[in-house]
Amino acid sequence: MPVQPYIEAISAALWEEMERDKEVFLLGEDIGVYGGAFKVTKGFLEKFGEERVIDTVLAEAAIIGAATGAAIVGMRPVAEMQFADFVTCGFNQLVNNTASIHYRWGLPVPMVVRLPSGGNIHGGPFHSRNPEAWFFHQPGLKLVAPSTPYDAKGLLKAAIRDPDPVLFFEYKYLYRRIKGEVPSEDYVVPIGKADVKRKGNDATIITYGPTVHVALDAAQDIAGSDEYDVEVLDLRSLMPFDKEAILQSVKRTNKVLILHEDTLTGGIGGEIAAFINENAFEYLDAPVRRLGACDTPVPYAPTLETEFLPGKDKVLKNLKELLEY
């Protein structure tokens, strides 16, 4: 299989879905002539034309509103927020309208909102947020958060074909840093299915997005130094999340660390911890631990951002305390 960077897998998914289905179109700020802030849509305007690659005004409310309207009349829009942080400007459209239309009118809303998320890029508080918890709480939305090129391409294809609105969290830090094998033939990764990225028996790290790679590095280090065998479960989908996969892993390893880059308080790790407590308490040999970013805005300074994020050293500290409990 060919090897692709994470960003190229996303671009390939969009290109192939636009070739496959004429109802798929893109809209967002600077996605046409400029090719997108991160060049995900470079060359799309020349291939598909301005009716299917639409450069919009700088108005996220208009972008999400227009995408919602197009979806309910049978088209399949993919709306890009230039940075995930800016989705706040379209919050009313997304939460009050998009998420509730199927419940209110019985209509499908087949649309995707791409959300370039996360820190480690020294972008400060307005370009580095992980906003998934805001929407995790809202019925009517599906949320996916791939960590690898394979999952990014397969989940984006699945999201575009889905009858419901899907928020696609893609991670700027991973764009050109993570590469992996991606099939040339058509495939999808089912929404709602987790993936064991590393098997283990002594503890489980439940995570998603960029912290999957932090977890894998920490698990490898602790296997070499202390000979503990740590499992890494990549949720891939946040809503719905794979309850069965979580329970299977917890019952096997009996100790759990939930890890995400989003700030700790109010993060989705709290809901997952509650789910484990309610459904697998008798299998636990230690309290469920959570690790996230500090409860502050994302700092600009590289040194402060490193301290803010849940990096490998913090994961190792929590893992050792958990394993020795």
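Quick note on our numbering: the sequence shown kicks off at 294 and runs consecutively. In this text, a Cβ means the ideal position worked out from N, Cα and C, and glycines have one as well.
Determine the extent of the beta strand (DSSP E) in which Pro442 is found, giving its start and end residues. From DSSP, Pro442 is part of no beta strand (DSSP E) but of the alpha helix (DSSP H) over Pro442 to Arg454.
Is the beta carbon of Ile539 sitting closer than 8 Å to the one on Leu526? Their beta carbons are under 8 Å apart, which means Ile539 touches Leu526 by this criterion.
Burial state of Gly433 (16 or more Cβ within 10 Å): Looking at its Cβ environment, which holds 16 or more other Cβ atoms inside 10 Å, Gly433 is buried.
With a threshold of 6 Å on Cβ separation, who are the neighbours of Ala306 within its own chain once the five nearest residues in sequence on each side are excluded? Result list for Ala306: Lys446, Leu449 and Lys450, in chain order.
Could you please give the first and the last residue of the uninterrupted beta strand (DSSP E) stretch that includes Glu373? Arg369 to Glu373 is the span of the beta strand (DSSP E), which, as asked, contains Glu373.
Is it buried or exposed for Ala377, if we count other Cβ within 10 angstroms and need 16 for buried? Buried is the label assigned to Ala377, since at least 16 other Cβ atoms lie within 10 Å of its Cβ.
Cutting at 8 Å between CB atoms, please list the residues of its own chain near Tyr576, excluding the five before and the five after it. The residues are Val543, Lys544 and Asn547.
Following the continuous beta strand (DSSP E) through Ile515, name the residue where it begins and the one where it ends. Taken as a continuous stretch (DSSP letters only), Ile515 belongs to no beta strand (DSSP E), being part of the alpha helix (DSSP H) at Thr504 to Ser518.
Quick one: which unbroken beta strand (DSSP E) runs of 3-plus residues sit fully inside the stretch 389 to 421? Chain order, please. DSSP runs (the beta strand (DSSP E)) wholly in the stretch 389 to 421: 405 to 410.
Alpha carbon to alpha carbon, how far is Phe341 from Ala392? The alpha-carbon separation between Phe341 and Ala392 amounts to approximately 29 Å.
Simplified DSSP assignment, three categories, for Gly493: Note: Gly493 maps to coil in three-state DSSP.
Less than 8 Å separating the beta-carbons of Val608 and Glu598? The answer is no: Cβ separation not under 8 Å.
Distance, Cα to Cα, Ala363 vs Trp308? Those two C-alpha atoms are separated by around 19 Å.
Check each candidate in Glu474, Thr558, Thr504 and Asp510 and name the one with the smallest Cα separation from Val296. When each option's Cα is compared against that of Val296, the closest is Glu474.
Secondary structure at Val608, three-state DSSP: helix, strand or coil? Val608: helix per DSSP, three-state reduction.
Beta-carbon proximity list for Val346, same chain, < 6 Å, skipping 5 on both sides: Excluding positions up to five away in sequence, the list reads Leu319, Gly325, Phe337 and Leu338.
Can you round the beta-carbon distance between Arg491 and Leu467 to whole angstroms, since I take them to be within the 8 Å contact cut? Not a contact, Cβ separation roughly 18 Å.
Please say whether Phe462 and Gly502 have beta carbons closer to each other than 8 Å? It is a contact, given that the beta carbons lie within the stated cut-off.
Given Lys605, which residues of its chain have a CB within under 6 Å of its CB, disregarding the five upstream and five downstream residues? Correct list, in chain order: Val507, Asp510 and Ala511.
N-terminal and C-terminal residue of the beta strand (DSSP E) that Val591 is part of: For Val591, there is no enclosing beta strand (DSSP E), since its DSSP letter is neither H nor E.
Would you tell me roughly how many angstroms separate the C-alpha atoms of Thr500 and Ile300, rounded to the nearest one? Computed Cα separation, rounded: 20 Å.
Whole-angstrom Cβ separation of Ile357 and Gly383, contact assumed at under 8 Å? Taking C-beta atoms under 8 Å as the contact rule, Ile357 and Gly383 qualify, at a distance of about 4 Å.
In DSSP terms, what Glu463 is bridged to: The partner list for Glu463 (beta bridge, DSSP) reads Pro409.
Can you say whether Arg397 is buried or exposed, counting buried as having 16 or more other CB atoms within 10 angstroms of its CB? Label assigned to Arg397: exposed.
Helix or strand or just coil, what does DSSP make of Lys613? Of the three classes helix, strand and coil, the one that applies to Lys613 here is helix, per DSSP.
Mind listing, in chain order, the continuous beta strand (DSSP E) runs of no fewer than 3 residues lying wholly within the stretch 542 to 584? With a minimum length of 3 residues, the continuous beta strand (DSSP E) runs that stay inside the stretch 542 to 584 are 549 to 556.
Are at least three pairs of beta-carbons, each pair with one atom in the stretch 517 to 536 and one in the stretch 425 to 444, less than 8 Å apart? Touching, per the Cβ criterion.
What did DSSP end up calling Val380 once you bin it into helix, strand or coil? DSSP, reduced to helix, strand and coil, places Val380 within a helical segment of the structure shown.
Please check the pair Leu550 and Ala496, which I expect to be a contact at CB under 8 Å, by giving their CB distance rounded to whole angstroms. So it is a contact: roughly 7 Å between Cβ atoms.
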